[in-house]
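Enquirer: Top to bottom, those sequences are chains A and B. Mapping of the first sequence onto my numbering: residues 1 to 418, in sequence order. Mapping of the second sequence onto my numbering: residues 419 to 836, in sequence order. Using N, Cα and C, we set each Cβ at its ideal position, and we do this for glycine too.
Protein chains: 2
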Amino acid sequence: MTRTGAGRTAPPRPTMAIMPLATPDVRRHNLGLVLGRVLEGAGEARADIAGATGLSRGAVTSLVAELIDAGLVEESDVVAPAGMGRPRTALTLAAAAPCVLIALLDADHATAVAGTLAGEELARTSRSHGRPMGDPAAIVGVLADALDDVAGRMAAAGRRIADVCVVVWAPVGGTPVRVLADTDLAWGEVDLLGLLRTRSTALAAFERAGGEPRLVSDAEVAALAEHAAVGGDTLLYLKADSGIGGAVVLAAGDDSGARVLPAALGHLPVVPDGVRCACGQHGCLVTVAGPDVLLARSGLGALAADEGLTVALEAFVTQVRTGDESAASVWRGAAREIARTLQIVALTVAPDVIVLGGFVAALAADVDEMFRAIQPRIAHAPVLPVAPVLGSTLGADAALRGAQRDARLRLLADPLAI
Amino acid sequence: MTRTGAGRTAPPRPTMAIMPLATPDVRRHNLGLVLGRVLEGAGEARADIAGATGLSRGAVTSLVAELIDAGLVEESDVVAPAGMGRPRTALTLAAAAPCVLIALLDADHATAVAGTLAGEELARTSRSHGRPMGDPAAIVGVLADALDDVAGRMAAAGRRIADVCVVVWAPVGGTPVRVLADTDLAWGEVDLLGLLRTRSTALAAFERAGGEPRLVSDAEVAALAEHAAVGGDTLLYLKADSGIGGAVVLAAGDDSGARVLPAALGHLPVVPDGVRCACGQHGCLVTVAGPDVLLARSGLGALAADEGLTVALEAFVTQVRTGDESAASVWRGAAREIARTLQIVALTVAPDVIVLGGFVAALAADVDEMFRAIQPRIAHAPVLPVAPVLGSTLGADAALRGAQRDARLRLLADPLAI
DNA sequence: AGACAAAGTTCAAGACCTGAACTATGTGTA
DNA sequence: TACACATAGTTCAGGTCTTGAACTTTGTCT
Numbered sequence: 001m002t003r004t005g006a007g008r009t010a011p012p013r014p015t016m017a018i019m020p021l022a023t024p025d026v027r028r029h030n031l032g033l034v035l036g037r038v039l040e041g042a043g044e045a046r047a048d049i050a051g052a053t054g055l056s057r058g059a060v061t062s063l064v065a066e067l068i069d070a071g072l073v074e075e076s077d078v079v080a081p082a083g084m085g086r087p088r089t090a091l092t093l094a095a096a097a098p099c100v101l102i103a104l105l106d107a108d109h110a111t112a113v114a115g116t117l118a119g120e121e122l123a124r125t126s127r128s129h130g131r132p133m134g135d136p137a138a139i140v141g142v143l144a145d146a147l148d149d150v151a152g153r154m155a156a157a158g159r160r161i162a163d164v165c166v167v168v169w170a171p172v173g174g175t176p177v178r179v180l181a182d183t184d185l186a187w188g189e190v191d192l193l194g195l196l197r198t199r200s201t202a203l204a205a206f207e208r209a210g211g212e213p214r215l216v217s218d219a220e221v222a223a224l225a226e227h228a229a230v231g232g233d234t235l236l237y238l239k240a241d242s243g244i245g246g247a248v249v250l251a252a253g254d255d256s257g258a259r260v261l262p263a264a265l266g267h268l269p270v271v272p273d274g275v276r277c278a279c280g281q282h283g284c285l286v287t288v289a290g291p292d293v294l295l296a297r298s299g300l301g302a303l304a305a306d307e308g309l310t311v312a313l314e315a316f317v318t319q320v321r322t323g324d325e326s327a328a329s330v331w332r333g334a335a336r337e338i339a340r341t342l343q344i345v346a347l348t349v350a351p352d353v354i355v356l357g358g359f360v361a362a363l364a365a366d367v368d369e370m371f372r373a374i375q376p377r378i379a380h381a382p383v384l385p386v387a388p389v390l391g392s393t394l395g396a397d398a399a400l401r402g403a404q405r406d407a408r409l410r411l412l413a414d415p416l417a418i
Numbered sequence: 419m420t421r422t423g424a425g426r427t428a429p430p431r432p433t434m435a436i437m438p439l440a441t442p443d444v445r446r447h448n449l450g451l452v453l454g455r456v457l458e459g460a461g462e463a464r465a466d467i468a469g470a471t472g473l474s475r476g477a478v479t480s481l482v483a484e485l486i487d488a489g490l491v492e493e494s495d496v497v498a499p500a501g502m503g504r505p506r507t508a509l510t511l512a513a514a515a516p517c518v519l520i521a522l523l524d525a526d527h528a529t530a531v532a533g534t535l536a537g538e539e540l541a542r543t544s545r546s547h548g549r550p551m552g553d554p555a556a557i558v559g560v561l562a563d564a565l566d567d568v569a570g571r572m573a574a575a576g577r578r579i580a581d582v583c584v585v586v587w588a589p590v591g592g593t594p595v596r597v598l599a600d601t602d603l604a605w606g607e608v609d610l611l612g613l614l615r616t617r618s619t620a621l622a623a624f625e626r627a628g629g630e631p632r633l634v635s636d637a638e639v640a641a642l643a644e645h646a647a648v649g650g651d652t653l654l655y656l657k658a659d660s661g662i663g664g665a666v667v668l669a670a671g672d673d674s675g676a677r678v679l680p681a682a683l684g685h686l687p688v689v690p691d692g693v694r695c696a697c698g699q700h701g702c703l704v705t706v707a708g709p710d711v712l713l714a715r716s717g718l719g720a721l722a723a724d725e726g727l728t729v730a731l732e733a734f735v736t737q738v739r740t741g742d743e744s745a746a747s748v749w750r751g752a753a754r755e756i757a758r759t760l761q762i763v764a765l766t767v768a769p770d771v772i773v774l775g776g777f778v779a780a781l782a783a784d785v786d787e788m789f790r791a792i793q794p795r796i797a798h799a800p801v802l803p804v805a806p807v808l809g810s811t812l813g814a815d816a817a818l819r820g821a822q823r824d825a826r827l828r829l830l831a832d833p834l835a836i
């Protein structure tokens, strides 16, 4: 043991980026506010927006006019059913408004989706990539094809591309951001955006035009989608598919200030001196509650090998829900460990809600029960309600919807830049 | 096990409090920006502020004039040593500017401190409260006396009170905020602000004047102070005095958007099926690394009973640092558990820095070493540097300084309301 | 004493929002 | 059919703020 005083040093202080505000910043903010209402509400009129945002009607008139000029908003032909007085003119996202591209890489598919700023899906291409272990290049080729296919259809429809977001089923980090050495996917550290840029003409064109594509992990955007769906200020998300991941969403009042912390929940060492994990630690959550472990213990390993993980996990869930005692017993053990993990994290971030995604969504009630059972006295204080553990209702599209939401929040910060 | 579908429901969605911006909001923001520079910099002139903030010199002139009118800023007589040209007129916080009151309750003292917005200490009163277990009312009386004493001195000096912040050595939460059932302090759930209001004329007067006193836990404000001192975007703070607490600071770019999550690190159940803890769980960190456990194991229990916890812990640290093998052995075990706890939390919030406060600050290098030793392969990816574990350099005043900083950040959001 | 340099002030111009007056466009009733 | 009424949307004067350039102030240097 060393006992030298300071020893190591802290990272450099980030430059105090405190910016002054001027009148144009007000305009930008309010434009985002108005456009957000147009996207959110189903055909709101100017008067509705004024009421909802607190802006004066005069200001809304001017802001909407600017958004219409920018080609983002249209006056809908459909005049809302009025009561008395002049009928309201419903506002909608312009039919030819720029779109958002999401490229998603999950356990066995490469999917590209184009959507409107409001989250409506315009086009989708999904291809099985066969999961060639250890070779990101092959997978990237499949993803690039899907992306270019969707981008081509958008070009044919006369839509510009406002944002590109690449979602990958693995942890992500660093600057510039890249896919990290992942123990589940068996990749090394990969500059996925860089690889994709060389294969996808659409991505290359987007970057040449000054766009800045983003790379995110599926857990963080899925958590964002769950937060939008279920609410709450602080949300803890745990997802189990072929591995276990998670994220914490902290919403600063409104959603636009939301911050997402990716959390490596699957590799939380919850069993001291437990089984050695591929990540190098001992007793990680995946070693006691990982999908492959559950399948092997409940005799579904062969099915997984034949039909794939997704099918096997569905079978497992069915067995548990139909009362198969063997499967139920395996699941009880796993649910206990998941509940313990959630408890540990809950003590450090105090979530208002906990959401389970992936195949555990259907079994969330069990985890909720166990989670409540292990609450310490201190957390039972009446003023601090225990967070409910909910099953995701978003299904497989959670990550996709979250990525779209993420793109939208980003673009609303400066609508005229779209 | 129940398997009913949804089962429980999520908490109500917070009302989307997205506010429109108008020109007065710009003014408020920029006033805070300028006042912040005056507080931060040592006698900066208008031109310096213009350069640092990006505001035009004309705007700074106007903003400073308004702050001077409000009695917050003064032109210092001390003209800075100039080179060429007209000498700069240094700006400082006004000599009679309103002050901030901090009332701090720790393991054995009740302390009240008055400070300027810049953090300079104006008055302090500290009294031993004898720690009468189970009786908050007696302690509150001592704290109220200290607070009123300091407030009286401020009144005599002609200072208004801009903010009152009560810091308590225990977890805090709920709405309205209160001290939670705490296992270390042996209190129940206490409306500390309410109790204090009935005993302290200063607090009652402050509230009558429209002020909103705050109640925070020492760990969260101490974490804020450490963050200000050491930097980084995400900071994980663990503090061990008579108990173990912690907090996570997330700075959204600049410091003013910082968010602090109180974390009950001492009650993280890190040893499954371990010793039963007073909180109701098993194997909490305090049961294996709590100060009283360490003292008992190293034969310092009697000293603690005689001379108090602080003295005994100092003795323990000295023994460890001077190579007493018994103490060192005890500490090695505790340091290992602390490092494991930090590792678990680090996997969920990915801090840039970890800071240890309390008596472990002096032994941080050991924890740092162990923390690095248990990093899994995945975290050794070159793009994700392992967070350094640093010992606090702020000492016993960390919570106090953090509370002052918290008050300042709050007041800078609307300087004219001061 | 006069040139020079930098700090600080003043003010016209422009960007925005508010609030009130005004116009547009329906429904309900006589 | 006509007229009152209610609600949506527009226009515009007034007020708040910042910018940027011209101007004043107050020193040092030659």
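Let's test the definition: count the other Cβ atoms within 10 Å of the Cβ of Ser747 (chain B) and tell me whether it reaches 16, buried, or not, exposed.
Expert: Within the second sequence, numbered from 1, the residue matching residue 747 (chain B) stands at position 329. Result: exposed.
Enquirer: Note the first and the last residue of the continuous alpha helix (DSSP H) segment covering Pro262 (chain A).
Expert: The residue given as residue 262 (chain A) occupies position 262 in the first sequence. No alpha helix (DSSP H) holds Pro262 (chain A); the beta strand (DSSP E) holding it covers Arg259 to Ala263.
Enquirer: Can you tell me whether Arg626 (chain B) is buried or exposed, with buried defined as 16 or more other CB within 10 angstroms of its CB?
Expert: Here the question's residue 626 (chain B) lines up with position 208 in the second sequence. When all chains shown are included, Arg626 (chain B) counts as exposed.
Enquirer: Count the CB pairs spanning the region 780 to 789 of chain B and the region 616 to 623 of chain B that are closer than 8 Å, and state whether there are at least three.
Expert: The region 780 to 789 of chain B vs the region 616 to 623 of chain B: no contact.
Enquirer: Could you check what DSSP says for Arg127 (chain A) in three-state terms: helix, strand or coil?
Expert: Mapped onto the first sequence, residue 127 (chain A) falls at position 127. It is a strand residue.
Enquirer: Give every residue of the same chain whose Cβ lies closer than 6 Å to the Cβ of Ile756 (chain B), excluding the five residues on either side of it in the sequence, and list them in chain order.
Expert: As a working note, residue 756 (chain B) is residue 338 in the second sequence. The residues are Ala707 and Val785.
Enquirer: Throw me the rounded Cβ distance for the Val804 (chain B) and Gln793 (chain B) pair, which I believe falls under 8 Å.
Expert: Locating residue 804 (chain B) in the second sequence gives position 386, counting from the first residue. Locating residue 793 (chain B) in the second sequence gives position 375, counting from the first residue. Confirmed, about 5 Å.
Enquirer: Examine chain B for any beta-carbon lying closer than 8 Å to the beta-carbon of Gly280 (chain A), and answer yes or no.
Expert: Indexing the first sequence from 1 puts residue 280 (chain A) at position 280. Judged by the 8 Å Cβ criterion, Gly280 (chain A) is in contact with chain B.
Enquirer: Just the Cα atoms here: how many angstroms apart are Ile139 (chain A) and Arg197 (chain A)?
Expert: Here residue 139 (chain A) corresponds to residue number 139 of the first sequence, with the count starting at 1. Here residue 197 (chain A) corresponds to residue number 197 of the first sequence, with the count starting at 1. In a straight line, the C-alpha of Ile139 (chain A) is about 13 Å away from that of Arg197 (chain A).
Enquirer: How far does the beta strand (DSSP E) with Ala103 (chain A) in it extend, from its first residue to its last?
Expert: Here the question's residue 103 (chain A) lines up with position 103 in the first sequence. Ala103 (chain A) -> beta strand (DSSP E) spans Cys99 to Leu105.
Enquirer: How far does the beta strand (DSSP E) with Ala112 (chain A) in it extend, from its first residue to its last?
Expert: Here residue 112 (chain A) refers to the residue found at position 112 when the first sequence is read from its first residue. Looking at the DSSP string, the run of the beta strand (DSSP E) that includes Ala112 (chain A) is His109 to Gly115.
Enquirer: Under a three-way DSSP split, which group does Ser200 (chain A) fall into?
Expert: The count along the first sequence starts at 1 and reaches residue 200 (chain A) at position 200. It is coil, neither helix nor strand.
Enquirer: Out of B:Glu725, B:Ala764 and B:Gly649, point me to the one whose CA is closest to Ala681 (chain B)'s CA.
Expert: Reading the second sequence from its first residue, position 263 is the one you call residue 681 (chain B). Checking every option, the nearest Cα to that of Ala681 (chain B) belongs to B:Ala764.
Enquirer: What whole-angstrom Cβ distance do Ile354 (chain A) and Pro388 (chain A) have, given they're in contact under 8 Å?
Expert: Position 354 of the first sequence holds residue 354 (chain A). Position 388 of the first sequence holds residue 388 (chain A). Ile354 (chain A) to Pro388 (chain A), Cβ: 7 Å. Contact.
Enquirer: Put Glu462 (chain B) into one of helix, strand or coil per three-state DSSP.
Expert: Position 44 of the second sequence, counted from the start, is the residue given in the question as residue 462 (chain B). Of the three classes helix, strand and coil, the one that applies to Glu462 (chain B) here is coil, per DSSP.
Enquirer: Along chain A, which residues have their Cβ under 8 Å away from the Cβ of Arg623 (chain B)?
Expert: Counting from 1 along the second sequence, the entry for residue 623 (chain B) is found at position 205. Residue identity differs from the one stated: residue 623 (chain B) is Ala in this sequence, not Arg. Those within 8 Å of Ala623 (chain B) in chain A number zero; the least Cβ separation is about 27 Å.
Enquirer: Suppose you measure from the CA of Glu732 (chain B) to the CA of Lys657 (chain B); what does that come to, to the nearest Å?
Expert: What you label residue 732 (chain B) is simply residue 314 of the second sequence in a count that begins at 1. What you label residue 657 (chain B) is simply residue 239 of the second sequence in a count that begins at 1. Going from the Cα of Glu732 (chain B) to the Cα of Lys657 (chain B) covers about 15 Å.
Enquirer: Use the C-beta contact count for Gly741 (chain B): other C-beta atoms within 10 angstroms, 16 or more gives buried, fewer gives exposed.
Expert: Looking up residue 741 (chain B) in the second sequence gives position 323. Counting Cβ neighbours within 10 Å, Gly741 (chain B) comes out exposed, since fewer than 16 surround it.
Enquirer: With a threshold of 8 Å between beta-carbons, can His685 (chain B) be considered close to chain A, or not?
Expert: For the purposes of this step, residue 685 (chain B) is taken as residue 267 along the second sequence, with counting starting at 1. Taking Cβ atoms only, chain A reaches closer than 8 Å to His685 (chain B), which makes this a yes.
Enquirer: Contact check, Ile102 (chain A) vs Val167 (chain A) under 8 Å by CB: the rounded distance?
Expert: On the first sequence, position 102 is the one that residue 102 (chain A) refers to. On the first sequence, position 167 is the one that residue 167 (chain A) refers to. Confirmed, about 6 Å.
Enquirer: Just checking: is the beta-carbon of Ile467 (chain B) within a distance shorter than 8 Å of some beta-carbon in chain A?
Expert: By 1-based counting over the second sequence, the position of residue 467 (chain B) is 49. Chain A contact via Cβ: absent.
Enquirer: Return the chain-ordered ranges of every alpha helix (DSSP H) run that is complete within the region 766 to 798 of chain B and spans a minimum of 4 residues.
Expert: You should have 782 to 791.
Enquirer: Could you confirm whether any beta carbon from chain B is found closer than 8 Å to the beta carbon of Gln319 (chain A)?
Expert: Numbered from its first residue, the first sequence carries residue 319 (chain A) at position 319. Taking Cβ atoms only, chain B never reaches closer than 8 Å to Gln319 (chain A), which makes this a no.
Enquirer: Can you name the residues that DSSP bridges to Asp581 (chain B)?
Expert: By 1-based counting over the second sequence, the position of residue 581 (chain B) is 163. The partner list for Asp581 (chain B) (beta bridge, DSSP) reads B:Val518.
Enquirer: Quick check on the DSSP output: the beta strand (DSSP E) that includes Glu492 (chain B) runs from which residue to which?
Expert: Looking up residue 492 (chain B) in the second sequence gives position 74. Looking at the DSSP string, the run of the beta strand (DSSP E) that includes Glu492 (chain B) is Val491 to Glu493.
Enquirer: Look at the alpha carbon of Leu143 (chain A) and the alpha carbon of Ala477 (chain B), and state the distance between them as a whole number of angstroms.
Expert: Residue numbering aside, residue 143 (chain A) sits at position 143 when the first sequence is read from its first letter. Residue numbering aside, residue 477 (chain B) sits at position 59 when the second sequence is read from its first letter. Looking at the two C-alpha atoms, the distance is approximately 52 Å.
Enquirer: In the DSSP assignment, what are the bridge partners of Val248 (chain A)?
Expert: Along the first sequence, one-based indexing puts residue 248 (chain A) at 248. Its beta-bridge partners are A:Leu236 and A:Leu261.
Enquirer: Among the candidates A:Gly41, A:Pro24 and A:Ala396, whose CA atom is the shortest distance from the CA of Ala219 (chain A)?
Expert: Locating residue 219 (chain A) in the first sequence gives position 219, where the first residue counts as 1. It is A:Ala396.
Enquirer: Select from A:Thr61, A:Val275 and A:Ala302 the residue whose C-alpha is nearest the C-alpha of Ala90 (chain A).
Expert: Against the first sequence, residue 90 (chain A) aligns to sequence position 90. Ranking A:Thr61, A:Val275 and A:Ala302 by Cα distance to Ala90 (chain A) puts A:Thr61 first.
Enquirer: By DSSP, does Gly395 (chain A) sit in helix, in strand, or in coil?
Expert: Here residue 395 (chain A) refers to the residue found at position 395 when the first sequence is read from its first residue. Reduced to three states, the DSSP call for Gly395 (chain A) is helix.
Enquirer: Please work out which residues of its chain come closer than 8 Å, Cβ to Cβ, to Arg446 (chain B), disregarding the five sequence neighbours upstream and downstream, and give them in chain order.
Expert: By 1-based counting over the second sequence, the position of residue 446 (chain B) is 28. Around Arg446 (chain B): Ala831, Asp832, Pro833 and Leu834.
Enquirer: Report yes or no: is there a C-beta of chain B within less than 8 Å of the C-beta of Arg377 (chain A)?
Expert: Against the first sequence, residue 377 (chain A) aligns to sequence position 377. Cβ-Cβ to chain B under 8 Å: yes for Arg377 (chain A).
Enquirer: Work out the CA separation of Ser494 (chain B) and Pro631 (chain B) for me, nearest whole Å.
Expert: As a first step, residue 631 (chain B) is located in the second sequence; it is residue number 213 there, counting from the start. As a first step, residue 494 (chain B) is located in the second sequence; it is residue number 76 there, counting from the start. Roughly 31 Å separates the two Cα atoms.
Enquirer: For chain A, check one thing: does any of its Cβ atoms lie closer than 8 Å to the Cβ of Pro429 (chain B)?
Expert: Counted from its first residue, the second sequence places residue 429 (chain B) at position 11. With a pLDDT of 41 at Pro429 (chain B), under the threshold of 50, the predicted position of this residue should be treated as unreliable, though the coordinate-derived value follows. Yes - at least one Cβ of chain A is within 8 Å of the one on Pro429 (chain B).
Enquirer: Taking the DSSP output, what are the residues bridged to Ser635 (chain B)?
Expert: Mapped onto the second sequence, residue 635 (chain B) falls at position 217. The partner list for Ser635 (chain B) (beta bridge, DSSP) reads B:Val586.
Enquirer: For a test of the three-state rule: what should DSSP assign to Leu686 (chain B), helix, strand or coil?
Expert: Within the second sequence, the letter at position 268 stands for residue 686 (chain B). Coil.
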